[in-house]
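Participant:
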Amino acid sequence: MTALAERWWDTTNTFHLCFGEVTVTPLDFAAFIGLRVGGEPIPFDPSTDLDDTALRWFLGRVPRHSGGVAEYGQFTAYWDHEPADDAEAAQMARAYLLYLFGASLFPLRRSRVHLSYLAGLVDLRQAGRLDWGGVALCTLYCFLGAASRGVGDTIGGYWRAYEVLGMFPPENTCTNPHLLPCALAWGKEYRRAKERRGQVMTFRRWLDNITGVTVPREWAEQAIMLMVGMRQLLKNCAKGRTLQTRPVPEPAPPVASQV
């Protein structure tokens with residue numbers, strides 16, 4: 093990733109290689125993580141400070157936080173039991189999503205996550221209409237841009253998506269189009285890739301001599317399967333069909349105060 097970041101141009105959001113430019117497109121990203129790129133804006137405002145009453149409504153308890161930011165590791169204890177009712181099931185789902193946001197999609201330094209994302213999770217039945225995939229892709233682009241200019245020393249966001257470039261692709265053997273999250277299709281149990289270890293200089297020389305990037309046919313076919321499964325999932329969510337067997341209760345408006 094260090095060798096790739098050195099060739100990233102944040103003015104075009106592409107890698108500039110000796111044969112031309114290449115990047116992860118929105119379609120690539122959507123097929124890989126199972127989140128569409130596009131939709132309604134996420135109601136995110138980092139200046140909003142949720143009070144204890146609002147946090148208790150969203151999550152069932154008040155997490156340790158400071159300035160609207162919390163360590164996402166503490167949320168693992170929120171779903172260690174069976175929910176007593178639909179309201180608690182929704183609270184556990186929000187806690188899991190916050191953990192996912194902080195650990196993978198929208199990370200911050202020191203393993204933290206913005207609690208402001210809860211504003212997009214008021215009604216879980218409508219949350220799928222928001223542009224989570226687009227924000228996740230932009231987060232990845234921003235981290236790469238900062239690293240390429242020496243502003244940041246880490247690459248955050250869902251950086252595993254760059255495996256689809258075809259430069260370091262794993263061979264995919266998953267045949268289950270309904271596997272969720274979709275990125276599990278590139279997990280260890282479905283990968284048959286040779287170990288590629290080496291120093292940064294080794295990858296720099298390799299990138300300097302690469303003649304092209306080819307997406308394997310197997311990956312392209314798998315991406316199409318995943319996209320079809322994702323569209324069907326979105327249709328089901330739009331019709332109110334979720335993984336829960338009981339209907340989700342109507343949400344009550346949270347209480348928030350501006351700092």
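In this note's numbering, the protein residues as written are 93 to 351. Just so it is clear, CB atoms sit at the ideal spot from N, CA and C, and this is done for glycine as well.
Report the partner residues of residue 101 according to the DSSP bridge assignment.
Facilitator: In the DSSP output, where bridge partners are listed per residue, residue 101 has 106.
Participant: With DSSP as the reference, identify every bridge partner of residue 200, one or two as the case may be.
Facilitator: DSSP output for residue 200 lists 204 as bridge partner(s).
Participant: Nearest CA to the CA of residue 95: which residue from 301, 292, 159?
Facilitator: Among 301, 292, 159, the Cα nearest to that of residue 95 belongs to 292.
Participant: What did DSSP end up calling residue 180 once you bin it into helix, strand or coil?
Facilitator: It is helical.
Participant: Taking the DSSP output, what are the residues bridged to residue 162?
Facilitator: According to DSSP, residue 162 bridges with 157, 205.
Participant: Applying the 10 Å Cβ sphere with the 16-neighbour rule, what's the burial state of residue 206?
Facilitator: Per the 10 Å Cβ criterion, buried.
Participant: Are residue 155 and residue 136 close, meaning C-beta to C-beta below 8 Å?
Facilitator: For residue 155 and residue 136, no; Cβs fall outside 8 Å.
Participant: Can you list, in chain order, the residues of its chain whose CB lies under 6 Å from that of residue 239, leaving out five sequence neighbours each side?
Facilitator: Cβ neighbours of residue 239 beyond the five flanking positions: 97, 247.
Participant: Helix, strand or coil, according to DSSP, for residue 222 in the structure here?
Facilitator: Here residue 222 sits in strand by DSSP.
Participant: What are the start and end residues of each continuous beta strand (DSSP E) run of 3 or more residues lying completely inside the region 116–152, in chain order?
Facilitator: If we require 3 residues or more, the beta strand (DSSP E) runs fully inside the region 116–152 come out as 140–142.
Participant: Since I believe residue 150 is in contact with residue 200 (beta carbons under 8 Å), could you give me their beta-carbon distance rounded to a whole number of angstroms?
Facilitator: No, residue 200 and residue 150 are not in contact; Cβ-Cβ is about 19 Å, not under 8 Å.
Participant: Which residues in the same chain as residue 118 place their Cβ atom closer than 8 Å to its Cβ, once the five residues preceding and following it in sequence are excluded?
Facilitator: Hits under 8 Å: 129, 130, 225, 226, 229.
Participant: Tell me the DSSP bridge mates of residue 112?
Facilitator: Answer by DSSP bridge pairing, in chain order: 109.
Participant: Could you check whether the region 156–166 touches the region 191–199, counting it as contact only if at least three pairs of C-beta atoms, one from each stretch, sit closer than 8 Å?
Facilitator: A contact exists between the region 156–166 and the region 191–199.
Participant: Whose C-alpha, out of 105, 106, 110, is nearest the C-alpha of residue 300?
Facilitator: Taking only the C-alpha atoms, the option nearest residue 300 is 110.
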